[in-house]
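Numbering (my numbering), first residue to last: 426 to 897.
All residues carry an ideal CB built from backbone N, CA and C; glycine is no exception.
For clarity, every value in this text was computed on a predicted model and none was experimentally measured.
Down below is the structure, laid out as structure tokens.
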């Protein structure tokens, strides 16, 4: 605070949103606030129950704000009622932006529904920050905004399906797009994280969620998504994907088929649809069962995922893997046994050029028993056997120091000489990883652990992010 305030006040004000250029009957009360002090250079506004807005030095750069403040407090004989509305649409844009950065997200969404003008201003204010939406079908939404290298609250809006909760009175009505639903919302503010936890009561929760996805993806230009969809049929999946066409980024898509007990539920059409429609996703997990007759066309463009996991990968042939999967960074295929000839072709294609950094081929039970890679790499003149290495462990995020048996681990290199990888058999899987550690230090560590009576592999060793292959 610079200088001594020329005027102090503690009037309670009610902030309302003015829509359509004139105060409307449906203007939405947002918060009761206290106007603490006013000078010719700054104002400070604080909420009666939580920090709301602190403009301070920022407003000294905005003459229009100073002008508004002067008008409000220089009219002789002016008295202010405690419920007198402040018309936010008449404040300068930068002041509106600061207010939107502090109001909880449920209130923000409600404001956008009042009029086209309020929607346009809110959208402009919200466009300066990145938002991430996590959505688990039939369960919850979580919309989050974090400041990056800035001061300010993390704002979180939780929507939970209220079908297992009892709707109590009184309750609120919330309108998003064309859907209006009953809600119960509680707000918490621990450690600078303002959370609006909201239960939604709707006879058709699926329609509400699809409309919410559509509305938020249109409202927030810098929105990223993480989705978990229980894909029961192709039509519902198409509707969901159409609702997020305008989203800037899909960080993660987890497509899960229906659960089954003894008789598998095959979804060949849905599996193809997910693979076709989710190419924008950075990470894709396809947990959908397909029949033995399922075929995915090799004529499609290669995948470009940062990570793809297919839990029923029997349909992935050698040719299909080389055409579609080698352009991904991480690939995990479950229930897939490639023979030695297949592995030779796949790894030879990798040496000719691929951005693949981690490959995990989880075979069927006992896949790794007695298996070696000797025949796989007999045509690789530069392939070198490795005895000890710290490598990523199959199916978990940890890493292992492994003492490999004869023919169970080889080091290979791409043709350009820039990228080296280990290919190894471990825990029922054949794996490739460009992140590993070998060399004298690892050999000494393995010898010491073996001398101490520890088994073939030792968990808990984390790979150095800057790790490079060391010469033996």
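Problem set entry | Pairwise C-alpha distance: residue 535 and residue 643 | Straight-line Cα distance between these residues: approximately 15 Å.
Exercise. Where does residue 685 sit, in a helix, a strand or coil, going by DSSP?
Worked result: Here DSSP, grouped into helix, strand and coil, assigns residue 685 to coil.
Exercise. For the segment 662–716, which segments carrying the beta strand (DSSP E) assignment without a break, of at least 3 residues, lie completely within its bounds, in sequence order?
Worked result: Listed in chain order, the complete beta strand (DSSP E) runs (minimum 3 residues) inside the segment 662–716 are 674–681, 706–712.
For this session: Have a look at 653, 855, 755 and flag the residue whose alpha-carbon is nearest the alpha-carbon of residue 795.
Result: Here the closest residue by C-alpha is 855.
Exercise. Of the choices 613, 519, 542, whose alpha-carbon is the least far from that of residue 531?
Worked result: For the residues 613, 519, 542, the minimum Cα distance to residue 531 belongs to 613.
Exercise. How far does the beta strand (DSSP E) with residue 625 in it reach, from first residue to last?
Worked result: First-last of the beta strand (DSSP E) with residue 625: 618–626.
Exercise. What does DSSP give as the partner residues of residue 607 in its beta bridges?
Worked result: According to DSSP, which records beta bridges pairwise, residue 607 is partnered with 598, 626.
Problem set entry | Cα-Cα separation, residue 782 to residue 860 | Pairing residue 782 with residue 860, the inter-Cα distance amounts to about 8 Å.
For this session: Could you tell me the distance, in whole angstroms, from the CA atom of residue 545 to the CA atom of residue 687?
Result: Each residue's Cα considered, the two are about 53 Å apart.
Exercise. Is it true that the segment 747–766 meets the segment 725–739, where meeting means three or more beta-carbon pairs spaced less than 8 Å apart?
Worked result: Segments in contact, yes.
Exercise. By how many angstroms is the C-alpha of residue 707 removed from the C-alpha of residue 459?
Worked result: Its pLDDT being 34, under 50, residue 459 is placed unreliably by the model, and nothing is read from it.
Exercise. Expressed to the nearest angstrom, what Euclidean distance is found between the alpha-carbon atoms of residue 911 and residue 807?
Worked result: Since the first and last residues shown for the chain are 426 and 897, residue 911 lies out of range.
Problem set entry | Touching by the beta-carbon criterion (3+ pairs, under 8 Å), the segment 681–699 and the segment 714–726 | The segment 681–699 is in contact with the segment 714–726.
Exercise. What are the complete beta strand (DSSP E) segments, minimum 3 residues, inside the segment 836–861?
Worked result: Those beta strand (DSSP E) runs which fall completely within the segment 836–861 and span 3+ residues are 845–851, 854–858.
For this session: Pick out the complete alpha helix (DSSP H) segments inside the segment 712–799, 4 residues or longer, and give them in chain order.
Result: Runs found: 765–776.
Exercise. To which residues of the same chain is residue 645 closer than 7 Å at the C-beta, ignoring the five residues directly before and after it?
Worked result: Same-chain partners within the cutoff: 551, 556.
For this session: Would you list the residues sitting across from residue 651 in a DSSP beta bridge?
Result: Beta-bridge pairing links residue 651 to 559, 677.
For this session: Note down, in chain order, each residue of its chain lying with its Cβ closer than 6 Å to the Cβ of residue 608, except the 5 sequence neighbours on either side.
Result: Excluding residues within five positions, the ones whose Cβ falls inside 6 Å are 597, 599, 623, 625.
For this session: In the DSSP assignment, find the unbroken beta strand (DSSP E) run with residue 815 in it and report its ends.
Result: Residue 815: member of the beta strand (DSSP E) spanning 813–817, first to last residue.
Exercise. What is the DSSP secondary structure of residue 656, counted as helix, strand or coil?
Worked result: Per DSSP, reduced to three states, the secondary structure at residue 656 is coil, with no helix or strand assignment.
For this session: Write down the C-beta distance between residue 636 and residue 604 rounded to the nearest angstrom, noting that I regard them as a contact closer than 8 Å.
Result: With a Cβ gap of about 5 Å, residue 636 and residue 604 count as contacting.
Problem set entry | Option nearest residue 834 by Cα separation, candidates 841, 581, 858 | When only C-alpha atoms are compared, the closest one is 858.
Exercise. Applying the criterion that 16 or more other CB atoms from any shown protein chain within 10 Å of the CB defines a buried residue, is residue 541 buried or exposed?
Worked result: With fewer than 16 Cβ atoms within 10 Å of its Cβ, residue 541 is classed as exposed.
Problem set entry | residue 647 to residue 736 span [Cα, whole Å] | Taken atom to atom, the span from the alpha-carbon of residue 647 to that of residue 736 is near 31 Å.
Exercise. Is the distance from the Cβ of residue 641 to the Cβ of residue 568 below 8 Å?
Worked result: Yes, they are a contact pair.
Exercise. So, is residue 775 buried or exposed, given that buried needs 16 or more other C-beta atoms within 10 angstroms?
Worked result: So residue 775 counts as buried.
Exercise. Thinking C-beta only, is residue 702 closer than 8 Å to residue 666?
Worked result: Contact: yes.
Problem set entry | Close-in-space but distant-in-sequence residues of the same chain around residue 538 (CB under 6 Å, 5 per side omitted) | If the five residues before and after residue 538 are omitted, its C-beta is found closer than 6 Å to the C-beta atoms of 600, all from its own chain and listed in chain order.
For this session: Have a look at residue 464 and residue 673 and give me their C-alpha separation to the nearest angstrom.
Result: Residue placement at residue 464 cannot be trusted, given a pLDDT of 31 that sits under 50; the coordinates are not used to answer.
For this session: Would you tell me roughly how many angstroms separate the C-alpha atoms of residue 836 and residue 785, rounded to the nearest one?
Result: Distance between the alpha carbons of residue 836 and residue 785: 16 Å.
Exercise. When the distance is taken between beta carbons, is residue 867 closer than 8 Å to residue 814?
Worked result: It is a contact, given that the beta carbons lie within the stated cut-off.
For this session: Within its chain, find whatever has a CB closer than 8 Å to the CB of residue 787; leave out the 5 residues flanking it on each side and keep chain order.
Result: Closer than 8 Å at Cβ, skipping near neighbours: 757, 758, 759, 760, 761, 819, 820, 853, 854.
Exercise. Are residue 710 and residue 752 closer than 8 Å when you measure CB to CB?
Worked result: No. Outside cutoff.
Exercise. Once you ignore the five residues that flank residue 840 on each side, which residues in its own chain have a CB closer than 8 Å to its CB?
Worked result: For residue 840, where only same-chain residues beyond five positions count, the Cβ hits under 8 Å are 776, 777, 778.
For this session: Could you check the C-alpha separation between residue 863 and residue 870 for me, to the nearest Å?
Result: Distance between the alpha carbons of residue 863 and residue 870: 11 Å.
For this session: Find the nearest neighbour of residue 679 within the set 825, 561, 520, judged by alpha-carbon distance.
Result: That would be 561, whose Cα lies nearest to the Cα of residue 679.
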